[in-house]
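Just so you know, we're using the numbering used here here: the sequence shown kicks off at 259 and counts up by one. Where is the CB? At the ideal position from N, CA and C, for every residue including glycine. Only one structure is covered here, and it is reproduced in the block below.
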Amino acid sequence: MINMRRPLLLILVLLMSAAALSAAWAYVLSVGRAAFEADILKVKQSFFEGVKAAESAVQSVESFSEAIGTIDQERFGRFTADLMTKSPFLMGVIYYQRVADAGRLEYEAELRGKGIGETILEGGVGDSPDIRPAKVGNEYFAVTAVDAGAREASYFGWNALTDPNKDVAIKKLLSVGEPVASGAFLLDNGNIAIEIFAPVRNRDAAIVGVIGATVDLTRLLGDERWREGVTIVMTTVLAGESIAKDIYRYLDRSEAAWPNLGSITSKIELDRFGQQLGLKFEKQLYPGRVNLTIIWLTLAACLLLALLGSYLLLTYEKLQKSLAGLAEANSSLERRVNERTLDLKLAHAEVKEILDNLDDLVVTVDPEMKIGATHSPASLRLLGRDAIVGCSLTDVLFKDLDRHDANQGKHLFVMEMLRHSDPFQWSISTHDLMPVLRYKSSETSAERTLSLRYSPIFENDVFRKMIVVASDVTEILALRASLAAREKESTLRETVLLEIAASDKRQLRGFFKEFEARMEEIRTFSLQPDPQATLPILRSLHTIKGTARSVGLKLLAKCVHAVEDQLEPLRLTLMGSNSEHVDFEASVRSSGFTEIHSVYTAYHRIFVELFTDTESSPLAPRFISRLGNFLGSVKTDRKELANWFEMSQNEEVLSVVEIFEGFFPTLQELAGELGKELIFETPQWDLYIAGSLKSALQEAFTHVLRNAIDHGIEDPEERTSSGKPSKGKLWLTFEDRIQHTLLTICDDGRGINLKRVYDLAQSKQLVNQPFADMHENQILDLLFAPGFSTKTEISELSGRGVGLDAVRVALKRCGVECRFSSKTGHGSYFEMLIPRSALRFVATPEAELRMIS
């Protein structure tokens, strides 16, 4: 007992000290609150009186407006001067006359009659805004008269609707027909103000104008001496914003000579003229000098606590006796609990041994669908989680199921209903539960296929628990899929072998060399989709499709076309032609990029198996075949021929005519599919260009020649009826110029319909000029715009608006400019200006070899 009293006495002293401090603080708080309430009462009264005065001023303005038909600047100035003297919170009063757009000239004449100069009517001087009608309507509100003090600083004739803040308020006034307030705004002195607008009506009650009065809200707070020692914050929504902010703050600048014991606050909110205003008052509390009241309160608190301490000492002795009896009872209860716990441990050990040796997921689920404590360790491994006890089975095992899917939604619904079922209901409903589930762990991202079994436990026909067993069948299904993939790969290899055997070996070698890097870019894009790279990737896909078809790789072309179909909604969205939301990553990942890469890899692997690249010379075959003619020609200088050999050995030299001829077989096949007949006119001249242009030039030939057959060349019946031969013709021309060589791909088809091109471009919002104001070259240049196509339906050949866009981009990278020209009914011409730096040799029809310097 002696040892226990000392700490109790210590506690008693501490409590007494705390009580004394509490009493002192309570006193300071009560005194400070009374003074605070007295101070802010004056401020509130002043503010409310100021608000009433503002309302009274507005009523005065409305009364004055009844005679507005005879108002002039002098009369208005006298009225506002008297009103502003009585209302110091008014910063300015302006009359805005309502002017119809049709009456603007009469209004300007009225301004001139009042002595206002031409410079004001024509836009003013300095920083003054223009006088112009509001475009959102057929009228405007112009300044006609201002208060007397603002005569020299005002801009008469200024349109109030050009100010967004005034525009919103005036339009609201016109709809409600009552005074309204603008959004709050800051004055130059830092105060906050609003502008109250009152309607001005004629005898027919029609609104002929608006009077705006600027009210300084800060001045409504009254005498600054009342605010001493108090922090005041004004809250409102500023013009042009939607969220209320602390706009004005009057700080408490009194010196804090004592520690801060706390703060007290008060708030008020007002709604005037549609403007929400909030005022917050806050005062910091500091202790003053100690007086007798505080001393008496402290002594009384100490005496009270001493009596309480004595009572606690007596109570403590009784508590000790009670605790001794409770300890004996706890000891007996503990022995019984230990015996029962041992029995439970033995039973639990047997269950745990069974569960530990299972490879399947085994969990128990209560009627609330919560997972119980009994589960197999394999459950955590299969689910990829550290803990599952107490978690919802739906949130853990069925978290990826979609309620909007028919089968998955039915499964979730039945699971929800089974917890209220009896044995009969269970037996007729469990066939709707999913027997197999694709499960992906949110922690490990490992995806597994689980086979599910469900077993209920009933007590008196009431559902009490369910055992769920899941077996991992991922490897079994993977083995089945592997067998199916091998069968598919065998079919793919057979198709690829047939196409490679029927294709030109040299063209295939060039195809794989050109598109190896692009295929790698496409594969990288499919793994890491980037919205910025989507349109360039679509251009590459379109080029690969056209080139693959040209060299005979039809299966690859079909795979690329299928991916383009999948990505069409995404392309339209990126081009701004589709307003519906498209999930970017989901579209890319589900579009079949993997199939493209697999087919391309199969082509390349089989090509390498069948052929060995033994060509070491970079010389074009046509270049080599003409050597005999050139060597025997007297027109070719021997020294120039030697330079030709030397340069050709250092870089790849391409024959333009040979590239052109390489497209003949596939173009003839394409023409046959479209029911058209073609003649290819091979030129007697030839150009030899640098190998760096190979990719761009082949891409241009691919798209332009296919477009010429698909769009330009007419059907045989149409050609015959227009007096043309039934067979269409494609040919090349070139013209040597000072800094460039003009290479042109020509056809004798129907030409390009300029009006149709313009109409299609206008429907896609690619042009806003009138058709008559546009030059022919400007209209033809629209053919290169991204997303532009003259085909109304998408086919494997065209219709996406990607081809010519890709051609221009590829040529421009090599310094080649391109354009279209056309003669209606006679054909179209695709012109390429090839820089002289990319030309190597010219073979003329006269068997002359000429080197380009």
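| Item | Value |
| --- | --- |
| Measure the alpha-carbon distance for threonine 782 versus lysine 803 and round it to whole angstroms. | 19 angstroms |
| Can you check which of these residues, Val438, Ile454, Pro457 and Asn449, is closest to isoleucine 505 by C-alpha distance? | Asn449 |
| Identify the continuous beta strand (DSSP E) that holds proline 457 and give its terminal residues. | 450-459 |
| Could you give the distance in angstroms between the alpha-carbon of isoleucine 780 and the alpha-carbon of glycine 949? | 24 angstroms |
| Quick check: threonine 494 and alanine 442, are their CB atoms within less than 7 angstroms of each other? | yes |
| Hey, would you say proline 789 sits closer than 7 angstroms to valine 846, going by beta carbons? | no |
| Could you give the DSSP three-state label for methionine 1032: helix, strand or coil? | coil |
| Tell me which residues share the same chain as leucine 445 and place their Cβ nearer than 6 angstroms to its Cβ, disregarding the 5 neighbours each side in the sequence. | Ala451 |
| With C-beta atoms as the reference, is leucine 799 less than 7 angstroms away from alanine 806? | no |
| According to DSSP, is valine 726 part of a helix, a strand, or is it coil? | strand |
| Under 7 angstroms between the Cβ atoms of aspartate 405 and threonine 476? | no |
| Excluding five sequence neighbours on each side, which residues of the same chain lie with their C-beta closer than 6 angstroms to the C-beta of glycine 1073? | Pro1093 |
| Would you check if the segment 991-1003 and the segment 1032-1042 touch, i.e. whether three or more CB-CB distances between them fall below 8 angstroms? | no |
| Tell me the rounded alpha-carbon separation between glycine 498 and methionine 349. | 21 angstroms |
| How many Å lie between histidine 678 and proline 625 at the Cα? | 8 angstroms |
| Under three-state DSSP, which class holds glutamine 786? | coil |
| Nearest CA to the CA of leucine 496: which residue from Tyr858, Ser440, Asp359 and Thr622? | Ser440 |
| Would you identify the three-state DSSP class for valine 914, choosing helix, strand or coil? | helix |
| Pick helix, strand or coil for tryptophan 989, following the three-state DSSP scheme. | strand |
| Sort Phe656, Glu295 and Ala1101 by Cα distance to glutamate 916 and report the nearest one. | Ala1101 |
| Count the other C-beta atoms from every protein chain shown that fall within 10 angstroms of the C-beta of lysine 541, then say buried if there are 16 or more, exposed otherwise. | buried |
| Along the beta strand (DSSP E) that carries tyrosine 858, what are the first and last residues, could you check? | Here tyrosine 858 belongs to no beta strand (DSSP E); instead the alpha helix (DSSP H) covers 851-868. |
| Determine whether the beta carbon atoms of isoleucine 854 and valine 818 lie at a separation below 7 angstroms. | yes |
| Mind checking which residues open and close the alpha helix (DSSP H) that includes proline 681? | 681-687 |
| With distances taken from CA atoms, which of His669, Tyr712 and Thr622 is nearest glycine 648? | Thr622 |
| According to the neighbour-count rule (16 or more other Cβ atoms, all chains shown, within 10 Å of its Cβ), is asparagine 596 buried or exposed? | exposed |
| Where DSSP assigns a beta bridge to aspartate 1005, which residues make up the other side? | Leu988 |
| Can you check which of these residues, Tyr413, Thr402, Val491 and Arg356, is closest to leucine 428 by C-alpha distance? | Checking the sequence shown, residue 428 turns out to be isoleucine, not leucine. It is Arg356. |
| Taking the alpha carbon of serine 849 as the point to measure from, which residue in Leu828, Val857 and Tyr858 has its own alpha carbon closest? | Leu828 |
| Among residues of its own chain, excluding the 5 on either side of arginine 1108, which ones have a beta-carbon nearer than 6 angstroms to its beta-carbon? | Val1100 |
| DSSP on alanine 403, reduced to helix/strand/coil? | strand |
| Per DSSP, which one or two residues make a beta bridge with glutamine 956? | None, per the DSSP bridge assignment. |
| Distance check for histidine 839 and histidine 669, CA to CA, integer angstroms please. | 29 angstroms |
| Would the beta-carbon of leucine 932 fall within 7 angstroms of that of glycine 986? | no |
| Closest by CA to glycine 1007, which one among Leu1018, His969, Ile1037 and Leu990? | His969 |
| Could you give the distance in angstroms between the alpha-carbon of leucine 638 and the alpha-carbon of alanine 736? | 22 angstroms |
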